[in-house]
Amino acid sequence: SIREFHNSRSINADSEKITFCLLGVAAPADLISNPLITPFNIGRRIELKDFTDAQSEQLAEGVNKGDRSLEIVGRVLHWTGGHPYLTQKMCQSISSKDEIRTVTQVDDLCHKMFLSSQARDKDINLSFVRDRMLKSDDDIATLLDIYSRVYKDLHVPANEKNPVFDTLILSGIVRIDDGEFRISNRIYRHVFDKGWVVEHMPGAELRRQKREFWRGVIRTAAVAVIVIGVIAGLAVYSIVQRERALRGELLAKQYLYDAEINLASKALEDGNLGRSYELLEKNKPRDDVV
Numbered sequence: 064s065i066r067e068f069h070n071s072r073s074i075n076a077d078s079e080k081i082t083f084c085l086l087g088v089a090a091p092a093d094l095i096s097n098p099l100i101t102p103f104n105i106g107r108r109i110e111l112k113d114f115t116d117a118q119s120e121q122l123a124e125g126v127n128k129g130d131r132s133l134e135i136v137g138r139v140l141h142w143t144g145g146h147p148y149l150t151q152k153m154c155q156s157i158s159s160k161d162e163i164r165t166v167t168q169v170d171d172l173c174h175k176m177f178l179s180s181q182a183r184d185k186d187i188n189l190s191f192v193r194d195r196m197l198k199s200d201d202d203i204a205t206l207l208d209i210y211s212r213v214y215k216d217l218h219v220p221a222n223e224k225n226p227v228f229d230t231l232i233l234s235g236i237v238r239i240d241d242g243e244f245r246i247s248n249r250i251y252r253h254v255f256d257k258g259w260v261v262e263h264m265p266g267a268e269l270r271r272q273k274r275e276f277w278r279g280v281i282r283t284a285a286v287a288v289i290v291i292g293v294i295a296g297l298a299v300y301s302i303v304q305r306e307r308a309l310r311g312e313l314l315a316k317q318y319l320y321d322a323e324i325n326l327a328s329k330a331l332e333d334g335n336l337g338r339s340y341e342l343l344e345k346n347k348p349r350d351d352v353v
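So for the sequence shown, the working numbering puts the first residue at 64; every next one is plus one.
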């Protein structure tokens, strides 16, 4: 093991010639498999700092945008906060696109590379931050609650001894400014926003299923109301039509009665007593004549 080589340096000078370089993201305590056996850590923390404004001047030479290079790189830092990976990836893309020469075009590029829904799922750095947060051994609810407080710019003192804080730092989603946590950059603030916190808070899936259930109930009730309304409308329409038909039938009978009475009267005037009697007998008053 590496520790064995380290311990052998006291008795074997050749061990001094051997150097191990482990690249990755971890807290020194993560390298101790059993603290009861190896309580003393031989590792030390090396923090990767964000690019400063002075360092960004060297990046301006690489983007090759003439007298607008510093302005372009400045806008990149506006989004990335100097994050090494995000900054270099944007600068590399800008240097390969001659058409990008304004801050608005830099904003559009940032949206395409990191902020769109497709980019959020595909970018390896955003995936790393997300997995580091959601797949850690820490209590996810506590982790997201602390992050939510940082997101709201509340006072959250940096405590490097807290393992949850360690996870936040190692994910890169926060940085330490004047002893307090701050969101590392605007890209992270846009991607890992309040909606993202709510979506991934433990119990979110149960809440989502409950919302879908009640939405289904509401949709079913709405359809039922519409169906009942249609049926009721058809029933009313049927009744109205039946009443109209009945009134029409009675009115037709009334017209026929009046016409035949007139004919009977005319037949009587003409001396046709038989015809007059026939019509009068046919049209004796009945209950269904109005």
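Ideal Cβ positions, reconstructed from N, Cα and C, are used throughout, including at glycine.
If you're wondering where the values come from, they're calculated on a predicted model, not measured in any experiment.
Check	Outcome
For F83, collect the residues of the same chain with a Cβ closer than 8 Å to its Cβ; drop the 5 residues on either side in sequence, then sort them by chain order.	I65 and F68
What number of angstroms, rounded off, separates the C-alpha of V88 from the C-alpha of L233?	6 Å
When we look at the beta-carbon of R35 and count the other beta-carbons within 10 Å, is it buried (16 or more) or exposed?	Any answer about residue 35 is impossible in this case: the structure gives the chain only from 64 up to 353.
What does DSSP give as the partner residues of D186 in its beta bridges?	Paired residue(s): none; D186 is not in a bridge.
For L189, which option in D201, V166, I250 and Q304 has the closest C-alpha, if you only look at C-alpha atoms?	I250
If I follow the unbroken beta strand (DSSP E) through E79, where does it start and stop?	From DSSP, E79 is part of no beta strand (DSSP E); its letter is neither H nor E.
Just reading off the beta strand (DSSP E) that D240 is part of, what are its end residues?	V237 to D240
Can you give the beta carbon distance from Y210 to L231, rounded, assuming they're within the 8 Å contact cut?	6 Å
E243 lies in the alpha helix (DSSP H); which residues open and close that run?	That residue, E243, is in no alpha helix (DSSP H); its beta strand (DSSP E) goes E243 to I246.
Quick one: give me the first and last residue of the alpha helix (DSSP H) that E262 is part of.	K257 to H263
How far does the alpha helix (DSSP H) with V227 in it extend, from its first residue to its last?	P226 to S234
Could you name the residues of the same chain whose beta carbon sits closer than 7 Å to that of I135, not counting the 5 residues immediately before and after it, in chain order?	V126, K128, I157 and V169
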